[in-house]
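Heads up: the structure comes next, in C-alpha cells.
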Amino acid sequence: MAYKDLYAGWKADPEGFWMQAAAAIDWDRAPSRAHFDQGPAGEWFADGLVNTCWNAVDRHVEAGRGDQPAIIHDSPITGTTASITYRALRDRVASLAGALRDRGVGKGDRVIIYMPMVPEALEAMLACTRIGAIHSVVFGGFAAHELAVRIDDARPRAIIAASCGLEPGRVVPYKPLLDAAIEGARHKPEFCVILQRDQQPAQLVPGRDFAWDSIQKGVTPADCLPVEGNHPAYVLYTSGTTGQPKGVIRHTAGHLVALAWSMRNIYAIEAGDVFWAASDVGWVVGHSYICYGPLIAGATTIVFEGKPVGTPDAGTFWRVIEDHKAKSFFTAPTAIRAVKREDPKGDFIRRHDLSCLQAVFLAGERADPDTIQWLEDRLHLPVIDHWWQTETGWAIAANPLGIEALPVRKGSPSVPMPGYDVQVLDEAGHPVAPGTLGAIAVRLPLPPGTLPSLWNAEDRFRASYLAHFPGFYETGDAGYVDEDGYLYIMARTDDVINVAGHRLSTGAMEEVLSGHPAVAECAVIGVADSLKGQMPVGFLCLKKGVDTPDAQVVREVVQRVRDQIGPVAAFKLACVVDRLPKTRSGKILRATMVKIADGEEFRMPATIDDPAILDEIATALRGLGYPQG
Numbered sequence: 001m002a003y004k005d006l007y008a009g010w011k012a013d014p015e016g017f018w019m020q021a022a023a024a025i026d027w028d029r030a031p032s033r034a035h036f037d038q039g040p041a042g043e044w045f046a047d048g049l050v051n052t053c054w055n056a057v058d059r060h061v062e063a064g065r066g067d068q069p070a071i072i073h074d075s076p077i078t079g080t081t082a083s084i085t086y087r088a089l090r091d092r093v094a095s096l097a098g099a100l101r102d103r104g105v106g107k108g109d110r111v112i113i114y115m116p117m118v119p120e121a122l123e124a125m126l127a128c129t130r131i132g133a134i135h136s137v138v139f140g141g142f143a144a145h146e147l148a149v150r151i152d153d154a155r156p157r158a159i160i161a162a163s164c165g166l167e168p169g170r171v172v173p174y175k176p177l178l179d180a181a182i183e184g185a186r187h188k189p190e191f192c193v194i195l196q197r198d199q200q201p202a203q204l205v206p207g208r209d210f211a212w213d214s215i216q217k218g219v220t221p222a223d224c225l226p227v228e229g230n231h232p233a234y235v236l237y238t239s240g241t242t243g244q245p246k247g248v249i250r251h252t253a254g255h256l257v258a259l260a261w262s263m264r265n266i267y268a269i270e271a272g273d274v275f276w277a278a279s280d281v282g283w284v285v286g287h288s289y290i291c292y293g294p295l296i297a298g299a300t301t302i303v304f305e306g307k308p309v310g311t312p313d314a315g316t317f318w319r320v321i322e323d324h325k326a327k328s329f330f331t332a333p334t335a336i337r338a339v340k341r342e343d344p345k346g347d348f349i350r351r352h353d354l355s356c357l358q359a360v361f362l363a364g365e366r367a368d369p370d371t372i373q374w375l376e377d378r379l380h381l382p383v384i385d386h387w388w389q390t391e392t393g394w395a396i397a398a399n400p401l402g403i404e405a406l407p408v409r410k411g412s413p414s415v416p417m418p419g420y421d422v423q424v425l426d427e428a429g430h431p432v433a434p435g436t437l438g439a440i441a442v443r444l445p446l447p448p449g450t451l452p453s454l455w456n457a458e459d460r461f462r463a464s465y466l467a468h469f470p471g472f473y474e475t476g477d478a479g480y481v482d483e484d485g486y487l488y489i490m491a492r493t494d495d496v497i498n499v500a501g502h503r504l505s506t507g508a509m510e511e512v513l514s515g516h517p518a519v520a521e522c523a524v525i526g527v528a529d530s531l532k533g534q535m536p537v538g539f540l541c542l543k544k545g546v547d548t549p550d551a552q553v554v555r556e557v558v559q560r561v562r563d564q565i566g567p568v569a570a571f572k573l574a575c576v577v578d579r580l581p582k583t584r585s586g587k588i589l590r591a592t593m594v595k596i597a598d599g600e601e602f603r604m605p606a607t608i609d610d611p612a613i614l615d616e617i618a619t620a621l622r623g624l625g626y627p628q629g
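Just so you know, we're using the UniProt record's numbering here: the sequence shown kicks off at 1 and counts up by one.
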C-alpha cells in the first residue's frame, strides 16, 4: 500500500486503523476500542490489559528466538563489546524485577534510573515495566540539584544508579552526585540499587544502598504483571521554559502500539534485524529506539558507550555499523556535523564495509540540506530526516521507508505520519497557504504513544500545549507545508525573528550559512536591536583544515544570505567560534545565546554539555557590540 493510501485510510477510519495496528501486540485482555475520550487530550486502548516487558522480551523467547541477541553493548571507551540474548535478558530482567518487588516496589510506584550507556540501564527500565512500576530515567551525570528537582516531582520509592559513567579520557563519579541530590531533595527514596563499575566503585550508605548483584541474591524472579492500557509506563522530564522540568507521561498500550507500527513502517525493521540509535537512555530517543522500539520488534539493539568523534576518531560510527551489521542507523544531525568537521572528505567512511546499511535516519535538530548531501554523497544511501518531540515519543513527520521510500526533499522531514493531522496556523489559529511560514499544530486527538498529560501538572499541560490553538496540540515549532504536502520545520516558534516588521526564519538563514564550503556548523539567533526590533547574528564553526581567513568567510556568508534570502534579512553580523553551546543531546542552546546577547539574566541550562562555551559566546558577542549599550 502506498503512503497516500495508508494516510487516507487512517483519516477515513482512525479507530479501525489503530485497532488493526494493535493486533501486533500481545494482550492479556484486548481493548474494546482504540480511542477513549477521557483526560485532557484523550487516551488510547485504556481498558486493555497488557505488559510492556512481555512484549519487548518474553514473547520473543516464547516464539523460539531466545538465542538471538537482544542487546549488543559496544564501548570504545573501555574497548569492550558484549552480547545478551533474549533468553538471558528475560532472566536478568526478571531477577532485578523480583528484587525490586521484594523490597516493596509495586504497580504505580516510581523508580528513578540514573545510569550511563550500559545494558543494565535497559534492564532497569524493563524490570520496572515488568512489575508495573513507573520509571523515570534521568541522564547519567546530571547535576545534583537537577536530579533533586526530579526526585521531588516523581517521589520515587527507589533509585537505580551506577557508581560512575565514562567520558573520553575521564571517569564521571555518579554516586557523589546522587548522594548530594538525595540530601538536597525533600522526598527521600526508601532504597537505592547501585551498579558498581570497575572504573570507580562507590561507597554505599548502610541500610539505604544495595549493590546490583547482592540485592538479587536468592530472589524469586518476577512474572510480568498486566496493567491497564492507560497505566503510565514512564515519566520523562523535559526542560520547561520556566526552568521547572515537565514530566511527560507515556501510557503503556499506546506506546507499545505506536512503536511497533513505527519500527516496521518508518524504519523498515523486522524481527532479527540489527537497529542502532546512537543516543542516550536519558533522552526520548533512548527510550523509544534504543530500549523499547527495537525490542518490541524482536530486533537487536545496539547500546553504544562512546562519542561520534574522539572514541577514538571520526570513524567510530562506521566501525560499529560494520562490526554489528546494523541495518538502520539513527543519530542526530549535530553528530554527523561533528564527524564531517573532523573528516570533511569522508576518508573514514571508505575504510568500512557498510553494505549491511539500508538508511540513515536523522532527528533531534533540523537537518540542514548540506549535511544530508555530504552524507548521501559518501554513503550512496537514503539519508532521512524525520521530526518528532519528547512529547510525541515517535515521528510526527517522516519518510516511511517500510511503506514506500518517498522522494527526499532536502530540508524537509517529509510528510505527516498516520495519526498526525498537521496544520500550519497564523497567530489567530487560521490555516495559512502552502509555502507560508506559520506555527505548526496537530489537530486533536494525538495518536497513540504521545503524551496524554504531564506528571502532576494537568493545568500546565493544558496551558503549555492546548490553550493557544483550541482543538490543536501546539508543537512550538514554526515552518510551512509545500504544495505536495511536504513539511518544513524552520525554527522553534521563538526563533522566528521580526526584523523591521518582516517575520524571518533563523533556520532558513542557517541553511544558507551551512552551504558555505568552509562551514561545518552554524547557528543564527535574533538579538534585540534598537532600530529594527531584532537583528540576526550568525555563529560559524569551520571545518578542520580550512585556511580561508575568518574575516573572509564572514564576508562571504553575509553575501550568501543577501543573495539567497535578500536584503530584507538584514544579515550583516557573524563571527567564527570554536564551538556552539549545546545540550547533551546535541540541541544548540539558541534561547540562552539570545539572553546573553540581550544582556538578560539567564539560568544555566540543566542539560548543557559544557558551560564554559557560554563565556566564549559572550566574548564573541561583545566583539560584535552586544548587548547594546
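For each residue, glycine too, the CB sits at the ideal point set by N, CA and C.
All values reported here derive from a predicted model rather than from experimental measurement.
Per-residue DSSP class, three states only, for residue i
i, result
"M535", "strand"
"H145", "helix"
"K11", "helix"
"H324", "helix"
"G247", "strand"
"E43", "strand"
"A508", "helix"
"F139", "coil"
"S288", "helix"
"V171", "strand"
"I215", "helix"
"C356", "coil"
"T194", "Going by the sequence as given, residue 194 is Ile instead of Thr. Three-state DSSP puts I194 in a strand."
"H60", "helix"
"R319", "helix"
"P431", "strand"
"G623", "helix"
Start-to-end residues for the alpha helix (DSSP H) that takes in residue i
i, result
"D477", "Here D477 belongs to no alpha helix (DSSP H); instead the beta strand (DSSP E) covers 472–481."
"C128", "119–130"
"P294", "293–296"
"S95", "86–102"
"V553", "550–564"
"R264", "252–265"
"L236", "That residue, L236, is in no alpha helix (DSSP H); its beta strand (DSSP E) goes 232–238."
Residue i classed as buried or exposed, judged by whether at least 16 other C-beta atoms fall within 10 angstroms
i, result
"H380", "exposed"
"G207", "exposed"
"R90", "buried"
"T95", "Contrary to the premise, residue 95 reads as Ser rather than Thr in this sequence. So S95 counts as buried."
"D385", "buried"
"P168", "exposed"
"S279", "buried"
"S214", "exposed"
"L147", "buried"
"G140", "buried"
"residue 634", "Because the chain is modelled from 1 through 629, residue 634 falls outside the range shown and cannot be assessed."
"P470", "exposed"
"T316", "buried"
"residue 631", "What is shown of the chain runs 1 to 629, which leaves residue 631 out entirely."
"V422", "buried"
"P308", "buried"
Supposed close pair residue i, residue j - CB separation, criterion 8 Å
i, j, result
"F304", "M117", "6 Å"
"H251", "A233", "7 Å"
"L621", "A597", "5 Å"
"V281", "M115", "7 Å"
Where the beta strand (DSSP E) through residue i begins and ends
i, result
"D529", "519–529"
"K582", "Neither: K582 is in no beta strand (DSSP E) and is coded neither H nor E."
"M490", "487–492"
"residue 640", "Since the first residue of the chain shown is 1 and the last is 629, residue 640 is not available in this structure."
"V29", "For the sequence presented, residue 29 should be read as Arg rather than Val. Run containing R29: none; DSSP gives neither H nor E here."
Residues near residue i by beta carbon distance below 6 Å, same chain, minus five either side
i, result
"K582", "I588, D609"
"T81", "D74"
"A268", "L401, G402"
Contacts around residue i, its chain only, beta-carbon distance under 7 Å, and the 5 residues preceding and following it disregarded
i, result
"P506", "According to the sequence as given, residue 506 is Thr; it is not Pro. Same-chain partners within the cutoff: A491, D495, I497, V524, I525, G526, P536."
"L126", "C53, A56, V57, V93"
"E15", "R33, A34, H35"
"T220", "G98"
Contacting residues, own chain, Cβ-Cβ under 8 Å from residue i (five flanking each side not counted)
i, result
"V111", "L100, V105, A124, C128, A133, I134, H135, S136, P156, R157, A158, I159, I160"
"A574", "L513, V537, G538, F539, L540, V554, V557, V558"
"L446", "A41, G42, T392, G419, Y420, Y473"
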